[in-house]
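Same order as they appear, the protein sequences are chains A and B.
Okay, so the first sequence: first residue is 14 according to our numbering, each after it adds one.
Okay, so the second sequence: first residue is 14 according to our numbering, each after it adds one.
Remarks on the structure that follows.
Number of protein chains: 2
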Amino acid sequence: MREVAIIGIGQTPVEEHWDKSLRDLAGEAIFKALNDAGRKNIEGLYVGNMMSGMLSKQENLGALIADWVGFKGIEAAKVEAACGSGAAALRMGLMAVGSGLLDCVGVVGVEKMTDGLPNETTAALATASDADYEAAQGVSFVAINALVMRRYMYEYGWKHADFAPFSINAHANAVHNPNARLQEAITEKDYLIARMVADPINLLDASPTGDGAAAVVLVPTETIRNNKKPVIKIIGSGSATDSVAVHARHEPTWLFAAEKSALKAYSQAGLGPQDIDLFEVHDAFSIMSVLSLEACGYAARGQGPRLGLDGEITLHGRIPITTMGGLKARGHPVGATGIYQIVEVIQQLRGEAGENQIDGVKIGMAQNIGGSGSAIITHILKAT
Amino acid sequence: MREVAIIGIGQTPVEEHWDKSLRDLAGEAIFKALNDAGRKNIEGLYVGNMMSGMLSKQENLGALIADWVGFKGIEAAKVEAACGSGAAALRMGLMAVGSGLLDCVGVVGVEKMTDGLPNETTAALATASDADYEAAQGVSFVAINALVMRRYMYEYGWKHADFAPFSINAHANAVHNPNARLQEAITEKDYLIARMVADPINLLDASPTGDGAAAVVLVPTETIRNNKKPVIKIIGSGSATDSVAVHARHEPTWLFAAEKSALKAYSQAGLGPQDIDLFEVHDAFSIMSVLSLEACGYAARGQGPRLGLDGEITLHGRIPITTMGGLKARGHPVGATGIYQIVEVIQQLRGEAGENQIDGVKIGMAQNIGGSGSAIITHILKAT
């Protein structure tokens, strides 16, 4: 396969964009990415999105957005893998360019979640779980994750307060990210007294929904000439799945698909966890950060919270995570999140992360998780 | 890119499968395809589906079905391009294998449309049109196609009866297809007196919805050894889009994306329309058969109905279409249709089409259309 590089990035702020439609948001991110890339055309467009049909009564997003941004006629499709839709669409773009079929591709993640009533959004999110064996029992998506967190605390003896550093770190990093939904620092006390959503997940364990779009432009590395900005290569990509129903998994507190997708990405890149300078984890809930770090080799099983308590996850720690605020504070427009993560890794690798810039970073990883761990895609990027 | 071949096919009957869920149907088609291929494993699974979130409250179909068929851990995702979702998923499989990333991939199209109330299905189908500029005006998906047909009849002077041969041919071919929803022949009189749905589209111009799944297994041609059945190679693949809103197109009666995707496929295959032995068109409505045949080079602009009137589209004609019943009579479970078309082309190329077998066919084409012509994918297959 041809080596593929990302030469353009774009994002909208994550907000309640009541004045912008799905196509407005996607278009804004795509135009920013094209401008950043210094390109005027793309040959294909892959759209990461989960819930446009349910919440905006709009499917067929590929053609809709391709036309809206002025590229009528190009190849386009939507890719869905629940909250992992963004990275799943990126992987399709990678295959399109890597295979040699297309030479310049746009990938956009877009989601619009705040127009409907809250119960509509909750119902749409529940479609990421098993409709027949989970959702039909009345369990919401947050509640499923709460069961996992409760079990994890029981098995390994952690207290709820031990998860505080993940939320505090994400919020601290969002303060300087103009695209973050919650640009506000929180204290441990805030975390401890936050109102409960689904015990033990409280409001500061859970990422906020939001409207937003993020986009990237992909080309074969071999075709890049005199690029103004550092070229960022995709050196590892792995996608893996697990049972959608958490109760059907052998170990509900272990992210089998995260481990498998990370191992594929590490293997392709010829690297291991120790080689990664920063890691955008999928912290939809604080327990997910912990499980993702363990599955990717940063902590022993059951010891993930230690990384937070020891300060290893901050911008100055051993493995900085959620460096621009993560899902927790940047916000989680579900189908867009996987591309926001990629854009943020690239901001760091290019030295464009502003106040949050980590010195000397060369290799970054992003892991996008769909459906409480059932569809997981890991990408490793390298600056050259 | 590596050359890719299809070594296994499977399908369920198109029916009202009230006793089978989405995963049951998809699993049935996948197991049949694996059995047909003589394979026990796949490394990736791409699911073509449009409306599972809206009608079955289930997204995340990739992981769900991968687990259900016993391949927990493999890569999986859902691909959506309205009624073109099936062929869009096939194209993703083609890129996955062609790029060298995966060596054996399953592609399944699945849709379950008959469990809900008819108005729910109509609303779900309308998400293939432009939610803000078409559906919001109250126009249904059938009505949009009726506007196109009305305009076409006005521009080129055709009467409604001139479209009868397309429906009669599809129904005649479905009689011998055990997987077809409507295994019944119709007469010209039946066509003329059928009740109106959206003038000028009557019940026998419109394809029926249905539940069903169809699947294929893809491998690199170079890895095939001693295959028991004829190896079917994908020699052409093209995907293109157009404005979703029909009123935004320069020429509402010309399928720009069909022409563009067919030209890409012809070019890749090094062939032209005269080299195709049979053509599975996307006859969601009879007007779509006409427009597809014109766009792909089988009739001059405005002259498509002539092919029906002259008997050119039958099993013994110059360009046989809908050889197993087409969408009109096999049925149109929307996200599955694109794979049913591929399976049927392969039945013909292998000589497994039973009573409908066309003698000496070597090269077949399938064109899958999403959203009244806004997302169109064309594949050309060749028996070796």
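Every residue, glycine too, gets a C-beta built ideally from N, C-alpha and C.
Computed from a predicted model, the values in this text were never measured in an experiment.
Measure the alpha-carbon distance for residue i versus residue j and round it to whole angstroms.
{"i": "Leu-103/B", "j": "Ser-385/A", "result": "27 Å"}
{"i": "Cys-309/B", "j": "Leu-362/B", "result": "20 Å"}
{"i": "Leu-205/A", "j": "Val-303/A", "result": "18 Å"}
{"i": "Ser-112/A", "j": "Gln-354/B", "result": "25 Å"}
{"i": "Val-188/A", "j": "Leu-138/B", "result": "43 Å"}
{"i": "Ala-90/A", "j": "Leu-77/A", "result": "10 Å"}
{"i": "Ser-180/A", "j": "Gln-370/A", "result": "19 Å"}
{"i": "Ile-214/A", "j": "Glu-28/A", "result": "23 Å"}
{"i": "Asn-381/B", "j": "Ala-136/B", "result": "21 Å"}
{"i": "Lys-45/A", "j": "Gly-23/A", "result": "5 Å"}
{"i": "Glu-293/A", "j": "Pro-286/A", "result": "13 Å"}
{"i": "Asp-145/A", "j": "Tyr-167/B", "result": "49 Å"}
{"i": "Gly-348/B", "j": "Gly-315/B", "result": "29 Å"}
{"i": "Ile-376/B", "j": "Ile-247/B", "result": "10 Å"}
{"i": "Ala-226/A", "j": "Thr-350/A", "result": "8 Å"}
{"i": "Val-110/B", "j": "Ala-149/A", "result": "37 Å"}
{"i": "Asn-5/B", "j": "Pro-333/B", "result": "Here chain B has residues from 14 to 397 only, and residue 5/B is not among them."}
{"i": "Lys-70/B", "j": "Ala-379/A", "result": "29 Å"}
{"i": "Val-230/A", "j": "Glu-16/A", "result": "14 Å"}
{"i": "Trp-171/A", "j": "Gly-330/A", "result": "22 Å"}
{"i": "Gly-249/A", "j": "Cys-117/A", "result": "19 Å"}
{"i": "Ser-280/A", "j": "Leu-38/B", "result": "35 Å"}
{"i": "Gly-338/A", "j": "Leu-284/A", "result": "26 Å"}
{"i": "Gly-317/B", "j": "Lys-273/B", "result": "18 Å"}
{"i": "Leu-216/B", "j": "Trp-31/B", "result": "23 Å"}
{"i": "Pro-26/B", "j": "Ile-237/A", "result": "50 Å"}
{"i": "Gly-324/A", "j": "Asp-288/A", "result": "19 Å"}
Measure the CB-CB distance between residue i and residue j and report whether it falls below 8 Å.
{"i": "Pro-346/A", "j": "Glu-124/A", "result": "yes"}
{"i": "Asn-54/A", "j": "Ala-388/B", "result": "no"}
{"i": "Met-64/A", "j": "Cys-96/A", "result": "no"}
{"i": "Ala-50/A", "j": "Ile-245/A", "result": "no"}
{"i": "Gly-61/A", "j": "Gly-99/A", "result": "yes"}
{"i": "Asn-190/A", "j": "Thr-335/A", "result": "no"}
{"i": "Asp-218/A", "j": "Phe-298/A", "result": "yes"}
{"i": "Gly-21/B", "j": "Leu-47/B", "result": "yes"}
{"i": "Ala-278/A", "j": "His-392/A", "result": "yes"}
{"i": "Leu-411/B", "j": "Ala-312/B", "result": "What the structure shows of chain B is the stretch from 14 to 397, and residue 411/B is not part of that stretch, so it cannot be assessed."}
{"i": "Ile-59/A", "j": "Val-82/A", "result": "As written in the sequence, residue 59/A is Tyr, which differs from the Ile given in the question. Taking 8 Å as the Cβ cut-off, Tyr-59/A and Val-82/A do not qualify as a contacting pair."}
{"i": "Leu-68/B", "j": "Thr-134/B", "result": "yes"}
{"i": "Val-259/B", "j": "Leu-340/B", "result": "no"}
{"i": "Leu-114/A", "j": "Met-162/B", "result": "no"}
{"i": "Leu-291/A", "j": "Val-374/A", "result": "yes"}
Quick one: measure Cβ to Cβ for residue i and residue j, integer angstroms, because I've assumed they're closer than 8 Å.
{"i": "Ala-270/B", "j": "Ala-253/B", "result": "4 Å"}
{"i": "Ala-228/A", "j": "Ile-390/A", "result": "Between Ile-390/A and Ala-228/A the Cβ distance is about 17 Å, and since that is not below 8 Å, they are no contact."}
{"i": "Gly-383/A", "j": "Ala-141/A", "result": "6 Å"}
{"i": "Arg-343/B", "j": "Asn-192/B", "result": "7 Å"}
{"i": "Glu-56/B", "j": "Ile-87/B", "result": "6 Å"}
{"i": "Met-108/A", "j": "Gly-223/A", "result": "With 8 Å as the limit, Met-108/A and Gly-223/A do not qualify as a contact, their Cβ atoms being about 29 Å apart."}
{"i": "Val-358/B", "j": "Leu-394/B", "result": "5 Å"}
{"i": "Pro-178/B", "j": "Ile-300/B", "result": "Their Cβ separation, rounded to whole angstroms, is 13 Å, which puts Pro-178/B and Ile-300/B out of contact at 8 Å."}
{"i": "Leu-268/A", "j": "Ser-305/A", "result": "6 Å"}
{"i": "Asp-80/B", "j": "Val-257/A", "result": "6 Å"}
DSSP beta-bridge partners for residue i?
{"i": "Met-209/B", "result": "Asn-215/B"}
{"i": "Tyr-59/A", "result": "Ala-90/A and Val-120/A"}
{"i": "Gly-246/A", "result": "Reading off the sequence shown, one finds Lys at residue 246/A, where the question assumed Gly. Lys-246/A is bridged to Ala-18/A and Lys-395/A."}
{"i": "Gln-380/B", "result": "Thr-391/B"}
{"i": "Thr-254/A", "result": "Ala-388/A"}
{"i": "Pro-26/A", "result": "BP columns for Pro-26/A are empty, so no partner."}
{"i": "Leu-291/A", "result": "Gly-377/A"}
{"i": "Cys-96/A", "result": "Ala-94/A"}
{"i": "Phe-154/A", "result": "For Phe-154/A, which the question treats as bridged, DSSP gives no partner whatsoever."}
Tell me the DSSP secondary structure of residue i in three-state form.
{"i": "Asp-128/A", "result": "coil"}
{"i": "Gly-40/A", "result": "helix"}
{"i": "Phe-84/A", "result": "coil"}
{"i": "Asp-224/A", "result": "strand"}
{"i": "Leu-114/A", "result": "coil"}
{"i": "Glu-168/A", "result": "helix"}
{"i": "Ile-334/A", "result": "strand"}
{"i": "Pro-233/A", "result": "strand"}
Examine the ligand FAD and report whether any of its heavy atoms sits within less than 7 Å of the Cβ of residue i.
{"i": "Ile-199/B", "result": "Of the ligands one can find in the structure shown there are none, so the ligand FAD has no counterpart to examine."}
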